[in-house]
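> In the numbering used here, the protein residues as written are 1 to 378. Got a structure here, written out as structure tokens. Questions coming.
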């Protein structure tokens, strides 16, 4: 085959230069044997010339599939704080948007009557303490007199009962004092947890009763993300502890969230299962941008072992009805058939044919033949 190609090439060359031998419709004269051999050597030299290629290592890649679900952001805690006492509002100490600490006073009520009741209860406690000391002393004297047989046993028992009544009276007085102190404390409506005052429902001069809403607080130091997923997705989340999510308004940077719960009872309206994630590691600057009702994209990883042997997808090609790669070994490209599996686009799973750590050609393989010399480019 190489001999014929050499002859044809020289005939064409002779026609192009014209006048050297002359070209017409007659068949070309056979070339000398030495000319044909030289052409064959040139072709073989071209075939064994090293080919410049790019390579990559076969390695382990996480090929776990994932799906996405639309989620809604909620504050980790919200509360509508209500008054627990009745009275007129004398101080409104927060406004909507203010940051509040746990225990901070939100609203103060008129506490004059509560303070009077507290003082009265305190005086009653002191009176009952005196009664108890007096009853105790009377009992001690009665025991001495009974020992000398100056009083009867019935009288001694009466003294015992008097001391018990005095002790019970003191306990009742102390309970009344505690109740009065609680009423006085309830005149100050405090924040149950740190957060943001979303709404303040009362103004100075308003009269409130127990149960009247005073302020609505929201805690965004953490956030809940609620999403609806299918039964299949719920089953695949078994054993998965975390998932990534993105909030468009905060940028495309994924946030790591803990999977708190996956419902086992579907929502009647949608047929989906409620998924709740807790977003706890929130940067201070991002925390201020969180809003309840924001949409989040939840990336749901599937459980199970995910690390698989892979190569770049560009390294695999079809030849003679099978998938192959070129493996570089001692500066030579070796053609290997491989069995392929899943692909995520950039890489493809290798089920057999090569091992981890082997070098495969990713660019230039279509100019190669089995055993060809290669030069690896950076």
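Each residue gets a CB set at the ideal place from its N, CA and C atoms; glycine is no exception.
Find out if the Cβ-Cβ distance for the pair residue 326, residue 368 is shorter than 8 angstroms.
yes
> Could you give the first and the last residue of the continuous alpha helix (DSSP H) run that contains residue 183?
Residues 153–186.
> Taking residue 75 and residue 292 to be in contact with their CB atoms under 8 angstroms, please state how far apart those CB atoms are, rounded to whole angstroms.
5 angstroms
> Do residue 224 and residue 280 count as a contact pair if the criterion is CB distance below 8 angstroms?
Cβ atoms of residue 280 and residue 224: not closer than 8 angstroms.
> Pull up the CB-CB distance for residue 362 and residue 54, whole angstroms please, since I reckon it's below 8 angstroms.
With 8 angstroms as the limit, residue 362 and residue 54 qualify as a contact, their Cβ atoms being about 5 angstroms apart.
> My understanding is that residue 213 touches residue 102, with C-beta atoms under 8 angstroms, so please give their C-beta distance in whole angstroms.
Residue 213 to residue 102, Cβ: 19 angstroms. No contact.
> Thinking residue 135 and residue 183 are a contact (beta carbons under 8 angstroms), I'd like their distance in whole angstroms, please.
With a Cβ gap of about 30 angstroms, residue 135 and residue 183 do not count as contacting.
> Name the two residues that bound the continuous beta strand (DSSP E) containing residue 62.
59–62
> Alpha carbon to alpha carbon, what distance is there between residue 56 and residue 347?
11 angstroms
> Is the beta carbon of residue 69 sitting closer than 8 angstroms to the one on residue 298?
yes
> Among 218, 147 and 85, which one has its Cα closest to the Cα of residue 98?
218
> Assess, as a yes-or-no matter, whether the segment 166–183 is touched by the segment 124–134 under the definition of 3 or more beta carbon pairs within less than 8 angstroms.
Flag = yes, the segment 124–134 and the segment 166–183 touch.
> So, are the CB atoms of residue 372 and residue 72 less than 8 angstroms apart?
No.
> Does the count of Cβ pairs from the segment 87–97 and the segment 190–210 closer than 8 angstroms reach three?
yes
> Exposed or buried, what is residue 365 when buried is set at 16 or more other beta-carbons lying within 10 Å of its beta-carbon?
buried
> Which stretch, first to last residue, makes up the beta strand (DSSP E) that contains residue 294?
Here residue 294 belongs to no beta strand (DSSP E), and DSSP marks it neither H nor E.
> Based on the DSSP output, what are the partners of residue 96 in its beta bridges?
Residue 96 pairs with nothing; no bridge assigned.
> Going by C-alpha to C-alpha distance, which of 273, 360, 209 and 207 sits closest to residue 234?
Residue 234 has its Cα closest to that of 273, out of 273, 360, 209 and 207.
> Tell me the rounded alpha-carbon separation between residue 244 and residue 186.
43 angstroms
> From the DSSP output, read off the bridge partner residues of residue 276.
226 and 261
> Within 10 angstroms of the Cβ of residue 379, are there 16 or more other Cβ atoms? Answer buried if so, exposed if not.
Residue 379 falls outside the range modelled here, since the chain spans only 1 to 378, and no answer is possible.
> Ends of the beta strand (DSSP E) at residue 307?
307–312
> Where does residue 161 land, buried or exposed, given buried means 16+ other C-beta within 10 angstroms?
exposed
> Are residue 358 and residue 308 closer than 8 angstroms when you measure CB to CB?
no
> Can you tell me the Cα-Cα spacing of residue 331 and residue 374, whole angstroms?
5 angstroms
> The beta strand (DSSP E) with residue 349 in it runs from where to where?
347–352
> Could you tell me which of 145, 230, 59 and 163 sits nearest to residue 270, measuring between CA atoms?
230
> Could you check how far apart the C-beta atoms of residue 121 and residue 180 are, in whole angstroms? I think they sit under 8 angstroms.
4 angstroms
> Have a look at the DSSP bridge pairing and note the partners of residue 363.
54
> Using alpha carbons as the reference points, say which of 209, 151, 201 and 207 lies closest to residue 215.
201
> Helix, strand or coil for residue 130 per DSSP?
helix
> Smallest Cα separation from residue 63: which of 312, 258 and 147?
312
> Would you identify the three-state DSSP class for residue 21, choosing helix, strand or coil?
Note that residue 21 has pLDDT 36, beneath the 50 cutoff, so the model's placement of it is unreliable and the number below is only indicative. Residue 21: coil per DSSP, three-state reduction.
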